[in-house]
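J.:
Numbering (this note's numbering), first residue to last: 897 to 1170.
See the structure below:
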C-alpha cells in the first residue's frame, strides 16, 4: 500500500511525489489508461480525459492540479474529500505504530515493563518498575505519533524519534501549516482480547453455498443455512466482538496463521472455485 508514502510526501515535502503515488500505473481496471497517461506526460488535463469515472480520488486530484497548477500540491489535494485526505495521514501514523509495536514486542515480549504506557482516566501514564509488575501487557498502549501524545520512556520511545527523523519529521513539531494535516496522535492498546467469542466447525459439500446467516437475511426472515452432519469439507465459523480501531481480519489472521490480504484471499477463492 502506498497510502503512508503519499502522506509522507504530502505532509513533509508537499511535492509531486505525493501526486505520483496516488496517480501511478499500479493496477488494472478503469484507472489504467489514466495512470499511464500521467506517468507519461505529467499532464493533469490529459490524464483526466483518460479517466472514465471522474468522481474518484484520482479524478478529484487531477481536477485540482488542472485548476491550481502542478506546483500547488496542497491546494490541489484540497479537492479530495476531507475523509479521503485524512486516510492518507492516518495511514502513516498507523504504519509507524505497527513498526514500533513490533519493536516493543521483540524487545520486551508479552509483559508490561518499566517505561511502558497505560491509560489512567483517559491520559497516558508512564509505568515505573514497581507499577509494571501490577499490570498486564493487555493494559499497555502505544501512541500514534502526534503533537498531543507522550512516548514510552524505554528504548522504543527513542525508536519513534529515530523513525520520524529518518522521514524528515520532527517528533517535537508535528503541527502542519494546513490544520487537517497536523498529526495530533492517539493511543491504542497493543493487544486486545476479543469479547463474546464462540466458534463451531461446519460440515458442507458445496463451496458455492453460503454458510453464514447474514443480518440482512435475518431481517428479511430468510431461512438459515442447514448444516450437514457429515460433508466433504469443513469450515470454521467464528463470532466475536471487537472495540473500535481493531480489525477482525487481524483476529482471523492470528487464529488461522495465514495471509489475510485481499490479493491472497482472491487467489484462494479463484483456485477453490476452479
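C-beta: ideal position from N, C-alpha, C; glycine also. Values in this document were obtained by computation on a predicted structure and should not be read as measured data.
Could you check which residue in 1158, 1073 and 1132 has the C-alpha nearest to that of residue 1152?
T.: That would be 1132, whose Cα lies nearest to the Cα of residue 1152.
J.: Is residue 1043 closer than 8 Å to residue 1078 when the C-beta atoms are compared?
T.: In this structure, residue 1043 lies closer than 8 Å to residue 1078 by Cβ.
J.: Looking only at DSSP bridge pairs, what is residue 1141 linked to?
T.: The partner list for residue 1141 (beta bridge, DSSP) is empty, contrary to what the question assumes.
J.: What do you reckon, are the CB atoms on residue 1058 and residue 978 nearer than 8 Å?
T.: For residue 1058 and residue 978, no; Cβs fall outside 8 Å.
J.: Which whole-angstrom value describes the C-beta separation of residue 1099 and residue 1124, a residue pair presumed to lie in contact below a C-beta threshold of 8 Å?
T.: The Cβ separation is near 4 Å, so the contact holds.
J.: Under three-state DSSP, which class holds residue 1159?
T.: Here residue 1159 sits in helix by DSSP.
J.: Around the Cβ of residue 972, are there at least 16 other Cβ atoms within 10 angstroms (buried) or fewer (exposed)?
T.: With 16 or more other Cβ atoms within 10 Å, it is buried.
J.: Am I right that residue 1135 and residue 1094 are in contact with their C-beta atoms under 8 Å? What's the rounded C-beta distance?
T.: Confirmed, about 5 Å.
J.: Rounding to the nearest angstrom, what Cα-Cα distance links residue 1155 and residue 1144 in this structure?
T.: Approximately 13 Å between the Cα atoms of the pair.
J.: Going along the chain, which unbroken runs of the alpha helix (DSSP H) with 4 or more residues stay wholly within the segment 946 to 1016?
T.: Listed in chain order, they are 953 to 964, 969 to 973 and 978 to 1004.
J.: Kindly identify the DSSP beta-bridge partner or partners of residue 1099.
T.: According to DSSP, residue 1099 bridges with 1124 and 1130.
J.: Which two residues bound the contiguous alpha helix (DSSP H) that contains residue 935?
T.: Here the alpha helix (DSSP H) through residue 935 covers 928 to 937.
J.: Could you check the C-alpha separation between residue 959 and residue 966 for me, to the nearest Å?
T.: Using only the alpha carbons, I get a separation of about 10 Å.
J.: Given this structure, state the Cα-to-Cα distance separating residue 1119 from residue 1102, to the nearest angstrom.
T.: So the alpha carbons of these two residues sit roughly 18 Å apart.
J.: Give the secondary structure of residue 1077 by DSSP, where H, G and I count as helix, E and B as strand, and everything else as coil.
T.: The answer is helix: DSSP assigns residue 1077 an H, G or I state.
J.: Go through its chain and collect everything with a Cβ distance to residue 1158's Cβ below 7 Å, but skip five positions before and after it.
T.: Around residue 1158: no qualifying Cβ.
J.: Beta-carbon separation of residue 1106 and residue 1121 under 8 Å?
T.: Yes, the pair counts as a contact, with Cβ atoms nearer than the cut-off.
J.: Along the chain, where does the beta strand (DSSP E) that runs through residue 1060 open and close?
T.: No beta strand (DSSP E) holds residue 1060; the alpha helix (DSSP H) holding it covers 1051 to 1062.
J.: Thinking C-alpha only, which one of 1018, 1031, 993 and 927 is nearest residue 1011?
T.: The shortest Cα separation from residue 1011 among 1018, 1031, 993 and 927 belongs to 1031.
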